[in-house]
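Visitor: Sharing a structure below in structure tokens format, with a few things to ask.
In our numbering, the protein residues as written are 877 to 2072.
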């Protein structure tokens, strides 16, 4: 089954209807089609039913109609034919039925009053207009009348009647004075709906002679004026004076003073009235009352509520206005006038009638021959209207008969119509309040199919969206529509397509494979026609990177991204909006290819930014919110309330938080009396609080300001509050940080921190300083000083405790009693030295000293500790003196022992101990002598190897710089190093301590040896020194190695045989050796230096630590012909001397002050560590390759 669906209103742009009736044809509004189809007349424009014209201008009565063929027009006037050809003042516009009556050239509008009706006729029927009633407007003058002045007693009511002339239409009434100023109106004085001016009670200020009523006639644009009305109000006092002057005493009754009166209704009169209003109009009900005081009007609806949203009160609630009334608004409406003396009321019975209004108006009907149809005319009203039918402007009862037509009340039924059944029918619905007239034609047509959609029309849609392919058609009878895809495609059926009644093919979800050519075929019994259209399905436009929510601080820079993806055949345009409106015309907004950047952001940039991407087929958008945050605006409207002597309440209004919630408020104060211009922190409160109770100090002229704080920062301070001066009072507190410290042995300096200005609590701030010696039965000594912070007491004993107190006072009295503090008079140097000084030597570098503490009374001050002075007298091994350098260690507190680190072994020392107070050091204890035991010696000062021969080497050395005892011997160890870098057997020799050189014999020629050398005391062996040397080769022509270089060559002549052949052989061998040596040198120059240091490290005794640069580590050897300098810090001196610098022990790390530091128990802080070369290992180990000279020796 083919699925059909009526086209929705949203697709009305595709097809319009000429008529809409069940079983009737739909005629598209195609201009070409409409030009070809026959059509009965239709009235398109006409003048209003009640047409009031300006008598000074031409009268234009409109009547426009359309039809095919174009209709002709005729008019009736007052029910009879109006022959316009016989009236020269009347013309009809060309191709129109509009009449123009020429009044401006001598005609009179009154002569053309009447009821006019237009008829438009062609061969298919006749349509008629409404009955148009023509009436010229009128603005007559006021009739002449004599107006008497109005004399009114104060408090009485008054009505000034306007009574305007009857005009057409009725005039607009208003009251003014001679100066054309509107008279002021109020609850007491107001204008009624009839134009009269009502005074609920008159007052003396109502006296005037120019109350003028004006009537404005809008049609003629004229204003008519009534004669001025005079009003004179007499007060009770003036009225009594007038009566007394004109009457005798017996006649005077005395006018009563102004008395209050209860309300009385001036309009409407009586207790009830009626009102009839038509449905849809505006209902106006009025109540105006007299009374003193002026009554107040209230409206109610009996048995119901006043309609919401349609009820309004005007004229100071004296007029009830209900718009768009309906039958439901009928009922009794009561107005109540009330003042303090009583009330009056009036009930208005409202009846809502209704002129006829359409329920179903008849509609045009287009039928094919033989079809059926219906015209329906339904209307309602109150009373219910009568329905009557006309055919071509003639009552249907007397119209030509049509066998296909049957009238059934408000319905005409057509059966099996023929072309001659075409006509225009009129439906008239009328009651006593008006009528409705509607034209509806029946047009019977026989037409072959026509397709109105343009051939080969191209449709482009986005994938996954509906595709609507038009096939607008017309034919009578109505054609059947079929759709095909492709040139030879089959008819389209199934749920994937929707076929609309107007011929449109809908593909609900178009896909890429929906692209192609579609054919629409329309056929009826009179013919067949087809049309092709083309469909292209495009990829949708997408925003693949949408703008994101941003929070930015004021004056910052922000960027929104909008990156899109689209079909390559579509050209997108990107538009940015702010709050659904165009971006501001501001150079700060920079629109890029795929972003929007806002420079120097301000508060007004806050909002929603939308990126809209448009193509010819689709549109997508994405939005993001920009929130501009900033420090809050300062609070304002600071107010002080609840002022008391010691407190006040401060309130304020927060400023704009600028999109970042206020977290807290900081309250600051200024003391205009003591520190004007200086603001101090007072307190702070949470951001939700806008009042705070503040504690105050006496004698302060306070001003407060508030600072708002949010996550961005602090606001500017608010404007200062009003000033508030608190009363003076006694000081609440005393000075702080009271101290007593003597600056001299015979004084006591009392100091304190003075009170700040606002702490004084009043004028005349002073201090009462009191002191007395502690633990002595003395009276307090007091003195009052000015506002200072120090007082010196002279003539005190040395370093005795004092009780001290400082009390504040001002002109109003003293502060509370202060607390006492303990101070001391001035210190003097200690009197005695520590006694019983003992030294216990722990080892050769550390000793412990003990002493007895001095009596505290002899310290004469605060005990700070003890100082130990010690110095080296001489070395016991050398018996030689040197410059004495004293060292000092300080031990804090009441210590009685301490450690002396960093001593030199086998030395004689002296020391003494002194006590220390705040004034200085006391006398020294007697010098104490102590000696340190022997220790291991330092390494020999140098080791030099000289005079190398084939089998011997000479060793020379220097004694240790620090023997640290009595040397008993030297230990020499050495071992050979072969060509494969292996170590040979280790030989050890003990040498007497008094020797300084040694010749080693019976060595192998051309062999490298490594030597280890150190000294010994009775305690043990010291650090060793190492060196290497080479014996020379057993051949001639070889240079002796330079001392320490390891590559220098020595020359030694060897006895040669005298035979010639031997001499020649030796020359050949020497030449070959020379060539090989040259080759070796060349390769050496290309390959770099020979790393002797690495060889040493590789072949060193595993127990011997390699020496660092400062310890004389060997560097790299270079060839004899390579005169490049040795690496810095890596060479042994040429005399093969190894030197080690003297190093004095330092006590910086062991005591306090400049010389060192101890723990509180006197123990030494830190640890001693020394590096000692391990003993050389026995046996052979791998070593570096020998030098080129050794290589040559091995080769030979």
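Note that beta-carbon positions come from the ideal geometry of N, C-alpha and C, so glycine has one too.
None of the values given here were measured: they were computed from a predicted structure.
#1: Below 9 Å between beta carbons: does that hold for residue 1086 and residue 1032?
#2: Going by beta-carbon coordinates alone, are residue 1891 and residue 1839 separated by less than 9 Å?
#3: Between the beta-carbon of residue 1798 and the beta-carbon of residue 1691, is there less than 9 Å?
#4: Just to confirm the assignment, what range does the beta strand (DSSP E) spanning residue 1676 have?
#5: According to DSSP, residue 1944 sits in a beta bridge with which residue or residues?
#6: Can you tell which of 1067, 1563, 1531 and 1545 has the C-alpha that lies nearest to the C-alpha of residue 1557?
#7: Apart from the five residues just before and just after residue 1021, which ones in its own chain have a Cβ nearer than 8 Å to its Cβ?
#8: If you count every other CB in all the chains shown that lies within 10 Å of the CB of residue 1520, and 16 or more means buried, which is it?
#9: Among 915, 944, 985 and 956, which residue has its Cα nearest to the Cα of residue 936?
#10: If distances are taken between C-alpha atoms only, which option among 1243, 1186 and 1173 comes closest to residue 1214?
#11: What did DSSP end up calling residue 1843 once you bin it into helix, strand or coil?
#12: Tell me whether the beta-carbon of residue 1402 lies closer than 9 Å to the beta-carbon of residue 1320.
#13: May I ask which residues mark the beginning and end of the beta strand (DSSP E) holding residue 1713?
#14: Measure the alpha-carbon distance for residue 1911 versus residue 1942 and round it to whole angstroms.
#15: Using C-beta distances below 7 Å, list every residue in its chain close to residue 1630, excluding the 5 sequence neighbours before and after it, in chain order.
#16: Under the three-state reduction of DSSP, which class applies to residue 1303: helix, strand or coil?
#17: What residues in its chain sit with their C-beta under 6 Å from that of residue 1700, if we drop five residues either side in the sequence?
#18: Measuring alpha carbon to alpha carbon, tell me which of 1508, 1765 and 1322 ends up nearest residue 1539.
#19: Could you spell out where the beta strand (DSSP E) holding residue 2077 opens and where it closes?
#20: Among 1711, 1150 and 1720, which one has its Cα closest to the Cα of residue 1734?
#21: So, helix, strand or coil for residue 1955, using DSSP?
#22: Restricting to Cα atoms, I'd like to know which of 1705, 1812, 1751 and 1777 is closest to residue 1800.
#23: Quick one: complete beta strand (DSSP E) runs, 3+ long, within the stretch 1353–1404?
#24: For residue 1741 and residue 1803, what's the separation of their Cα atoms in angstroms?
#25: Who are the near neighbours of residue 1314 in its chain, counting only those whose CB is closer than 6 Å to its CB and skipping five residues on each side?
#26: On the three-state DSSP scale, how would you describe residue 1748?
#27: Among all the DSSP beta bridges, which residues are the ones paired with residue 1739?
#28: Within its chain, find whatever has a CB closer than 7 Å to the CB of residue 1598; leave out the 5 residues flanking it on each side and keep chain order.
#29: May I have a chain-ordered list of the beta strand (DSSP E) segments no shorter than 3 residues that lie completely inside the stretch 1266–1347?
#30: Which of the three DSSP states is assigned to residue 961 in this structure?
#31: Please confirm whether residue 1859 and residue 1820 have their CB atoms less than 9 Å apart.
#32: How would you call residue 1027, buried or exposed, if buried means at least 16 neighbouring beta carbons within 10 angstroms?
#33: Please go through the same chain and pick out, in chain order, the residues whose beta-carbon is closer than 8 Å to the beta-carbon of residue 1340, but skip the five residues on each side of it.
#34: Quick one: Cα of residue 1646 to Cα of residue 1654, how far?
#35: Hey, residue 909 and residue 1350 are a contact pair by Cβ (cut 8 Å); roughly how many whole angstroms apart?
#36: Quick one: Cα of residue 1510 to Cα of residue 1606, how far?
Guide: Taking the geometry as given:
#1: no
#2: yes
#3: no
#4: From DSSP, residue 1676 is part of no beta strand (DSSP E); its letter is neither H nor E.
#5: For residue 1944, which the question treats as bridged, DSSP gives no partner whatsoever.
#6: 1545
#7: 1103
#8: exposed
#9: 985
#10: 1173
#11: coil
#12: no
#13: 1711–1719
#14: Any reading at residue 1911 needs caution, since the residue's pLDDT is 49, under 50, leaving its predicted position unreliable; the model's value is listed next. So the alpha carbons of these two residues sit roughly 11 Å apart.
#15: 1611, 1663 and 1665
#16: strand
#17: 1675 and 1677
#18: 1508
#19: Because the chain is modelled from 877 through 2072, residue 2077 falls outside the range shown and cannot be assessed.
#20: 1711
#21: helix
#22: 1705
#23: 1356–1361, 1374–1376, 1381–1383 and 1392–1400
#24: 19 Å
#25: 1237, 1238 and 1303
#26: strand
#27: 1793
#28: 1516
#29: 1281–1284, 1287–1290, 1299–1307, 1310–1320, 1323–1327, 1333–1338 and 1343–1345
#30: helix
#31: no
#32: exposed
#33: 1385, 1386, 1387 and 1416
#34: 12 Å
#35: 6 Å
#36: 37 Å
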